[in-house]
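This report concerns only the one structure given below.
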Amino acid sequence: MDVSGLIELKFVVASLVYSGIGILVFVVAFVLLDLLTPKVQVWKELCEKRNMALAVFLGSVALGIAIIIASAIHG
Numbered sequence: 208m209d210v211s212g213l214i215e216l217k218f219v220v221a222s223l224v225y226s227g228i229g230i231l232v233f234v235v236a237f238v239l240l241d242l243l244t245p246k247v248q249v250w251k252e253l254c255e256k257r258n259m260a261l262a263v264f265l266g267s268v269a270l271g272i273a274i275i276i277a278s279a280i281h282g
């Protein structure tokens, strides 16, 4: 059985490119969220004050953004 035919280089490169684009969009979305909430210092609230409600909210936002990016990339 020839294993080299199972994975083609173009598919690996496409996966890496789409993953990079997805991560970039994800980071930009979080930076935009941080800029849109100037009254809340996100990292201070999470690290120093241990704000669990904000942590749950940011986790939900992260999952929502990830699902949107995955749907956009997948088609």
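Each residue of the sequence shown is one higher than the last, beginning at 208 in the numbering used here. Using N, Cα and C, we set each Cβ at its ideal position, and we do this for glycine too.
Checklist entry - Just to confirm, are Asp241 and Val234 a CB contact at a threshold of 7 Å? => result Taking 7 Å as the Cβ cut-off, Asp241 and Val234 do not qualify as a contacting pair.
Next on the checklist: Quick check on the DSSP output: what are the complete alpha helix (DSSP H) runs of length 4 or more inside the stretch 249–281, in order along the chain?
Outcome noted: Runs found: 249–254, 259–281.
Next on the checklist: Mapping the DSSP letters down to three states, classify Val228 as helix, strand or coil.
Outcome noted: The sequence given here has Ile at residue 228, not Val. Note: Ile228 maps to helix in three-state DSSP.
Next on the checklist: Check whether the stretch 260–267 and the stretch 222–229 are in contact - that is, three or more C-beta pairs closer than 8 Å.
Outcome noted: no
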